[in-house]
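Input: a single structure, listed below in structure tokens.
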Amino acid sequence: MSVATEAAHIRDLFETIEELESVASSLAEDDDRRRKLDGVVAKTLRQAPPVRPVVAGELLDLTEKTVKAWAREGVLAIHSQEPRMLLDTVRLHEVLHLVSDLRRAGKTRGLIDEVHRRLSDQSLLDRQDLANSLDEMRSGKGRVVRTA
0 MSVATEAAHI
10 RDLFETIEEL
20 ESVASSLAED
30 DDRRRKLDGV
40 VAKTLRQAPP
50 VRPVVAGELL
60 DLTEKTVKAW
70 AREGVLAIHS
80 QEPRMLLDTV
90 RLHEVLHLVS
100 DLRRAGKTRG
110 LIDEVHRRLS
120 DQSLLDRQDL
130 ANSLDEMRSG
140 KGRVVRTA
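The sequence shown: position 16 = 15 (numbering that gives the first Met the number 0), numbered continuously.
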């Protein structure tokens, strides 16, 4: 399959995912329909085939060399190395969101560092123990620990 054809397929998939995410975000967080749509999005992305770096470059508007560097740095997740590098579609979708947001905000240089920071921040926010600690702090149940 040509790069252009493969990029078009992935772009179409991501557009469908964006539509589902938009509908899901219009529903209340405690709405079962929102959870179901979020589940459909996650399942669809997990089932999508891995993506070649050259195709990811087309989608992210980066060179293949840059995409491979991002993969080696852990910003893009490598699905497999042999016989050729293929990238995880779930992480690619997440990074595409971040890059688009950064570019809309006028950020064009140092994207890898900013994307890496945002992914790190998000991984912390996704931790249940941190969420529990923050809830305790907000409700006044936590205790203050000070170092001397």
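C-beta: ideal position from N, C-alpha, C; glycine also.
These numbers come from a predicted model, not from an experiment.
Counting C-beta neighbours from all protein chains within 10 Å, is the total for residue i 16 or more, i.e. buried, or is it exposed?
| i | result |
| --- | --- |
| residue 87 | buried |
| residue 103 | exposed |
| residue 23 | buried |
| residue 51 | buried |
| residue 133 | exposed |
| residue 136 | exposed |
| residue 27 | exposed |
Just to confirm, are residue i and residue j a CB contact at a threshold of 8 Å?
| i | j | result |
| --- | --- | --- |
| residue 110 | residue 13 | no |
| residue 75 | residue 55 | yes |
| residue 98 | residue 129 | no |
| residue 19 | residue 40 | yes |
| residue 113 | residue 123 | no |
What residue range is occupied by the uninterrupted alpha helix (DSSP H) comprising residue i?
| i | result |
| --- | --- |
| residue 132 | 127 to 138 |
| residue 24 | 2 to 24 |
| residue 100 | 88 to 103 |
- Entirely enclosed beta strand (DSSP E) segments - the stretch 38 to 67, minimum 3 residues: Segments of the beta strand (DSSP E) lying fully in the stretch 38 to 67: there are none.
- Message: Taking contact to mean 3 or more Cβ pairs, one atom from each stretch, closer than 8 Å, check whether the stretch 1 to 18 and the stretch 40 to 58 are in contact.
- Response: Yes, since at least three Cβ pairs between the stretch 1 to 18 and the stretch 40 to 58 fall closer than 8 Å, the two stretches touch.
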